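So for the sequence shown, this note's numbering puts the first residue at 7; every next one is plus one. Glycine is no exception: its CB is placed at the ideal position from the N, C-alpha and C atoms. As the structure is a computational prediction, the values presented were derived from the model and not from experiment. One structure is given here, and the rest of the page talks about it.
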Amino acid sequence: MRALPSPLLAVTDRHGHTRPLAETVQAVLDGGGRWIWFRDRDLEPEVRRRLGEAVAARVRAAGGILTVGGDIALARVLGAAGVHLGGGSGPEAVATARDALGAAALIGLSAHAPQEVVQAAAAGADYVTLSPIFPTASKPGYGPALGPAGIVAARKVGLPVVALGGIEPNAIAACREAGAAAVAIMGGLMRASDPAGVARALVTALHTA
Numbered sequence: 007m008r009a010l011p012s013p014l015l016a017v018t019d020r021h022g023h024t025r026p027l028a029e030t031v032q033a034v035l036d037g038g039g040r041w042i043w044f045r046d047r048d049l050e051p052e053v054r055r056r057l058g059e060a061v062a063a064r065v066r067a068a069g070g071i072l073t074v075g076g077d078i079a080l081a082r083v084l085g086a087a088g089v090h091l092g093g094g095s096g097p098e099a100v101a102t103a104r105d106a107l108g109a110a111a112l113i114g115l116s117a118h119a120p121q122e123v124v125q126a127a128a129a130g131a132d133y134v135t136l137s138p139i140f141p142t143a144s145k146p147g148y149g150p151a152l153g154p155a156g157i158v159a160a161r162k163v164g165l166p167v168v169a170l171g172g173i174e175p176n177a178i179a180a181c182r183e184a185g186a187a188a189v190a191i192m193g194g195l196m197r198a199s200d201p202a203g204v205a206r207a208l209v210t211a212l213h214t215a
């Protein structure tokens, strides 16, 4: 089983706060976050590339790890360590990503049920994000919350599971006890008035859980 870069995966959302996204990412890095998932997929390609370059520069300078959501070509342009593909991506998509980014690339897939984790493993993914673990406004269309029991079931497949969706600091211990290799946080970091402080608290909670 492949080790993940960090127990905290920070997911970007430029709509979370009025400050520039690169500044929020910098604050997360300052707080000890090291794994950044550049999402923001609703932008035109050229605009997304420019924003991605600003984010990638911050991550690179901090010695962090950058994952790009859903765009293999952009991940290559940005020099990202990996790409996060959508649920249902099969072996061909994973192989294409490895061909473009190198054999060491970190390839993740989204999953919303244990059976989808089985499919991700068969496709050759390195890890899955499993969501929603808890109720969340940002994941309203993926069915009921899976809870820690969902992590337990998914973890049996053998892939590292990154818990995603509605995860507050007081729920981190339960996620880790259920077998989550990491937790992914978007709103809690992107909307925070003090992302560095929140990241610091999350990293501490993850290392002590």
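Give the range of the beta strand (DSSP E) segment to which residue i is assigned.
i, result
"H90", "88-91"
"T135", "133-136"
"R44", "The sequence given here has Phe at residue 44, not Arg. Residues 41-44."
The alpha helix (DSSP H) that contains residue i, what's its start and end?
i, result
"L195", "193-196"
"V167", "Careful: V167 lies outside any alpha helix (DSSP H), inside the beta strand (DSSP E) at 167-170."
"L35", "27-36"
"G58", "51-67"
"V163", "No alpha helix (DSSP H) holds V163; DSSP gives it neither H nor E."
"P120", "120-129"
Please classify residue i: does DSSP put it in a helix, a strand, or coil?
i, result
"I78", "helix"
"I157", "helix"
"T73", "strand"
"A211", "helix"
"I178", "helix"
"A16", "strand"
"A101", "helix"
"G114", "strand"
"A188", "strand"
"L107", "helix"
"G203", "helix"
"H23", "coil"
Using the Cβ count rule (16 or more neighbours within 10 Å means buried), how would you classify residue i?
i, result
"H284", "Residue 284 lies beyond the range of the chain shown here (7 to 215); nothing can be said about it."
"R40", "buried"
"L49", "exposed"
"S95", "buried"
"G156", "buried"
"P51", "exposed"
"V89", "buried"
"P120", "buried"
Please report the distance separating the alpha-carbon of residue i from that of residue j.
i, j, result
"R56", "L80", "10 angstroms"
"A202", "A33", "5 angstroms"
"P141", "C181", "14 angstroms"
"A103", "R25", "32 angstroms"
"G75", "P11", "16 angstroms"
"A68", "T210", "19 angstroms"
Which same chain residues, not among the five before or five after residue i, have their C-beta less than 6 angstroms away from its C-beta?
i, result
"R161", "V167, G185"
"P13", "A188, L212"
"R20", "L27, D46"
Leaving out five residues on either side along the sequence, give the residues of the same chain with a beta carbon under 7 angstroms from the beta carbon of residue i.
i, result
"K145", "Caution applies to K145, whose pLDDT of 49 falls short of 50 and renders its modelled position unreliable; the model cannot decide the point."
"A126", "L115, A117, V134, L165"
"R197", "G22, H23"
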